[in-house]
């Protein structure tokens, strides 16, 4: 399962986004169910970023999201969220996937 958080560097700058991402990522190290996360930058909008996190399953994500540390851990990124879409994040389950190594459905 994947969680995408839409972020903008329009006001604070790209370094503020990178700093917030790294600070949060260090705090999340060892979080149960979190497999990895990435900071992605738009090639079409240099101020547009997405933080993509991959979770073992929806239950692991929800347990973390409903836990005590969620809000304080993610606080550095909250002022940078891109709210132009209405909701600054999306939660998605994987419906299908292909892996380059296998060249077949996963």
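Numbering (the numbering used here), first residue to last: 1 to 106.
Every residue gets a Cβ at the ideal spot worked out from N, C-alpha and C, and that includes glycine.
Tell me where the alpha helix (DSSP H) around residue 41 begins and ends.
First-last for residue 41: 34-41, but that is the beta strand (DSSP E), not the alpha helix (DSSP H).
DSSP has residue 48 in a bridge; who is on the other side?
8
Run through the region 51-104 for me and flag every whole beta strand (DSSP E) of 3 or more residues, listed as ranges in chain order.
89-92
Report buried or exposed for residue 80, applying the criterion of at least 16 other Cβ atoms within 10 angstroms of its Cβ.
buried
Reference residue 49; option with closest CA among 100, 23, 88, 98:
88
Taking Cβ to Cβ, would you say residue 58 is nearer than 8 Å to residue 93?
yes
Using 10 angstroms around the beta-carbon of residue 84, count the other beta-carbons present and answer buried if the total reaches 16, otherwise exposed.
exposed
Which residues does DSSP pair with residue 17 in a beta bridge?
DSSP output for residue 17 lists no bridge partner at all.
Can you list, in chain order, the residues of its chain whose CB lies under 7 Å from that of residue 6, leaving out five sequence neighbours each side?
50, 81, 82, 85, 88, 89
Counting pairs of beta carbons, one from the region 15-26 and one from the region 56-71, are three or more of them closer than 8 Å?
no
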